[in-house]
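When we follow the working numbering, the leftmost residue of the sequence shown carries the number 44, and every step to the right adds one. Glycine included, C-beta positions come from ideal geometry on N, C-alpha and C. Structure, as structure tokens:
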Amino acid sequence: MFPAATSFSILLSSPCLFFLLLASLRVFPSIAAAASSSSSSSPLNLTLSHQHPDPEAVAQDVQWRVNSSLSRRQLLSSNKHDQSSSCLTGNPIDDCWRCDSNWQNNRQQLAECGIGFGAGTAGGKGGRYYVVTDSSDYDPTNPKPGTLRYGVIQTEPLWITFASNMMIKLKHELIVNSFKTIDGRGANVDVTGNGCITLQYVSNVIIHNIHIHHCKPSGNTMIRSSPTHVGYRGKSDGDGISIFGSSKIWIDHCSLSYCTDGLVDAIMGSTGITISNSYFAHHDEVMLLGHDDKYLPDSGMQVGGLSITAF
């Protein structure tokens, strides 16, 4: 059992497919018990705006949804005819959108499919579609229209898709703005190179069906983070996805491997995060949840800072 600390890493030396709920009531039972005891005598003190007041209810809801989907799938498996004609997979997230035969024209339905602490993450829902047609990343201070970098730095909600299979080799870290969906469905999209993906002080970001690998430290350079701002960035750690002071984040059906530091790091009071149906491989420091036991917004995981659902 993990100690009652807010900062820990999940260590894997071989490929691992996650189907695990990481809520503090399961990972940190001592913290959950203390929170339950204290909340019975005084109001729950929420320190983060997107922190869920009842994480145990979230865990129970996830379990119910998974069990319901599996039960439906098991019933179908007893009838081969029904099974062959059914779209149900036994996965509540996939069952939510894959049963729509016209999903390619209704991509934003995906935003309704999140479960766990990241449920309700809007991403770019309601915004226009932006299609990545150019895999280059030559100038992080002045990205070309049609590139992934140009799309993610916009301030408006965008649902970002890809015109074809792409290998995107980043020159420096990719700074993603709020209300963005990076939707790789229908294409084989790899993101690699320097810095990789940074979510810093943002909310409502969905990253779906992207392969992220071989990420290296970079920085000490100027990088554009919005259409109107270019700023100096220090050296990044080489994480696959770095979540810093952010909330309402959903990472689904992604694969992450071979990064210099963590595959996913969530720190500085980040909360409201679901990591689902994702494959982590060839790495020894997969996931960092919280960065410092003394940093108050990270404390408690369930009641103080970071809550993550991972599959």
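Per DSSP, cross-strand counterpart(s) of residue i
i, result
"THR219", "Reading the sequence as shown, one finds Val at residue 219 and not Thr. DSSP lists no partner for VAL219."
"TRP293", "ILE249, THR317"
"GLY274", "ILE266"
"VAL232", "MET209"
"THR132", "BP columns for THR132 are empty, so no partner."
"ASN237", "LYS259"
Backbone secondary structure at residue i - three-state DSSP
i, result
"GLN243", "strand"
"ASN148", "helix"
"ASP226", "strand"
"ALA77", "Any reading at ALA77 needs caution, since the residue's pLDDT is 38, under 50, leaving its predicted position unreliable; the model's value is listed next. ALA77 falls in the helix class under three-state DSSP."
"ASP336", "coil"
"PRO96", "coil"
"LEU113", "helix"
"ASP143", "coil"
"ASP280", "coil"
"ASN88", "Reliability of the predicted coordinates at ASN88 is poor, the pLDDT of 41 falling under 50, and no value is obtained from them."
"TRP107", "helix"
"ARG69", "Only weak support is given to the placement of ARG69: the predicted model assigns it a pLDDT of 35, under 50, and the value that follows is read from those uncertain coordinates. Here ARG69 sits in helix by DSSP."
"LEU64", "Bear in mind that a pLDDT of 42 at LEU64, under 50, signals an unreliable position, so the model cannot answer this."
"SER83", "Any reading at SER83 is ruled out, since the residue's pLDDT is 38, under 50, leaving its predicted position unreliable."
Start-to-end residues for the beta strand (DSSP E) that takes in residue i
i, result
"CYS258", "254-259"
"SER285", "284-287"
"LEU299", "298-300"
"TYR322", "322-324"
Distance cut-off 7 Å: residue i Cβ against heavy atoms of the ligand MN
i, result
"VAL329", "The ligand MN is not part of this structure, which contains no ligands at all."
Anticipated Cβ contact below 8 Å, residue i with residue j, distance rounded
i, j, result
"THR314", "ILE158", "Actually they do not touch by this definition, with Cβ atoms about 16 Å apart."
"ILE218", "ILE196", "7 Å"
"HIS251", "ARG228", "7 Å"
"LYS212", "GLY236", "4 Å"
"ILE292", "THR164", "7 Å"
"SER112", "ASP138", "6 Å"
"SER261", "GLU216", "6 Å"
"HIS272", "TYR301", "So it is not a contact: roughly 31 Å between Cβ atoms."
"LEU153", "ASP226", "7 Å"
"LYS214", "ASP180", "5 Å"
"LEU201", "GLY167", "5 Å"
"GLY281", "THR303", "3 Å"
"ILE266", "PRO183", "5 Å"
"ILE240", "GLY283", "7 Å"
Open item on the list: List, from N- to C-terminal side, the alpha helix (DSSP H) runs of 4 residues or more that fit wholly inside the region 154-210.
Closed with: If we require 4 residues or more, the alpha helix (DSSP H) runs fully inside the region 154-210 come out as 191-195.
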